[in-house]
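Numbering (the working numbering), first residue to last: 62 to 431.
Where is the CB? At the ideal position from N, CA and C, for every residue including glycine.
A short worksheet on the structure shown next.
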């Protein structure tokens, strides 16, 4: 029988949230090993998003998404300043493209205030035209604390902190099987050098694969695993200059925040994501989807030229609620009490605003497991 490697704390999944959790636990004094199935960390969902720092406007008051987005935003801006992670609090405008949608902006403003986002305010069509001449609408809600970030720079800063606090990151290390013992979790780890490990704490931060990870664990109560849905979103890049200097969002759609204009730190514009509910994960971007992008974007930027959009990339959101429930759903963060095992914690449905909330999510996991 092969030797079993005895470990203190194992994080499964090296996306931005897994890295943040590993960092938090390493800084708290745990001996941390992070296992990432891919050749590099942060190469799946964390590399396929809008790189937006969300203010926390949309989420149901009292939900984990609302609480951790608002708390995480403040922590993230402070962290970026301290660690020189490239970012910019450029702000965003949520644009009402019809008179009927103005009522939604008023409702959203109240929702934001209830969530503790106190810097939002409404502007009329004239002020919108003055600020962003190419963007058309009946009114807009201004969110000054929304921003953009270099997600890879952020993840590299987390990695530096993990390693500075004695943690280790091991890539090409997929978990192939597992078992819950009395007070530990045993994992079979594949890759070039397969190994059996036992850990006093395992945190499942595997993102899209969180459900599969839990399903592999013999002895785990299946009733603790929530429903699983995948929402794919495609992005299209704009050839030419961006039509605005801030992020532009329409009124949201079920499952997402609508096809919005985001900017990277170099000022290049991209649009997305749309929402497509899928059963199996793929990242192909069908150029034909651009047809719907043009019509959606022209509601707030009518001068978008034909042929200006090029397929860019796509991402897939792990969700605990599907289209029948309106595509919402909260983060699910389970400590040992919720998983019903003293050595196992699991995170499901960590989609947007997961990057924004990553430091706050990590603190939540620490509170539940330390």
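- It is roughly 28 Å from the alpha-carbon of residue 75 to the alpha-carbon of residue 151.
- By the Cβ rule, the region 297–312 counts as touching the region 188–198, because three or more pairs are nearer than 8 Å.
- Residue 290 places its beta carbon 8 Å or farther from that of residue 342.
- Contact check for residue 410 against residue 363 fails: the beta carbons are separated by 8 Å or more.
- A direct Cα-Cα distance of roughly 9 Å separates residue 388 from residue 381.
- With contacts defined by Cβ atoms closer than 8 Å, residue 395 and residue 285 form a contacting pair.
- Every beta strand (DSSP E) stretch that sits fully inside the region 262–314 and reaches 3 residues is listed by chain position as 290–299, 308–310.
- By a beta-carbon distance limit of 8 Å, residue 178 does not contact residue 169. Their separation comes to about 10 Å.
- CA-CA distance, residue 110 to residue 239, rounds to 31 Å.
- Counting of Cβ neighbours within 10 angstroms places residue 331 among the buried residues, the total reaching 16 or more.
- When DSSP reads this structure, residue 375 sits in a beta bridge with 295.
- Residue 70 sits in a strand when the DSSP states are folded into three classes.
- Of the residues 374, 83, 354, the one whose Cα lies closest to the Cα of residue 218 is 83.
- Residue state for residue 400 is assigned as helix, using DSSP reduced to three classes.
- The alpha carbon of residue 273 has as its nearest neighbour, out of 73, 67, 65, 68, the alpha carbon of 73.
- Pairwise C-beta distances place the region 231–246 in contact with the region 397–405, as three or more of them are shorter than 8 Å.
- By alpha-carbon distance to residue 383, the top candidate from 120, 337, 163, 324 is 337.
- Membership of residue 332 in the beta strand (DSSP E) is indicated by the continuous run 330–333.
- Its Cα nearest to that of residue 92, the residue 67 stands out among 67, 400, 324, 153.
- Cα atoms of residue 89 and residue 158: separation of roughly 48 Å, rounded to the nearest angstrom.
- Along the region 162–217, the alpha helix (DSSP H) occurs as fully enclosed runs of 4 or more residues at 186–192, listed in sequence order.
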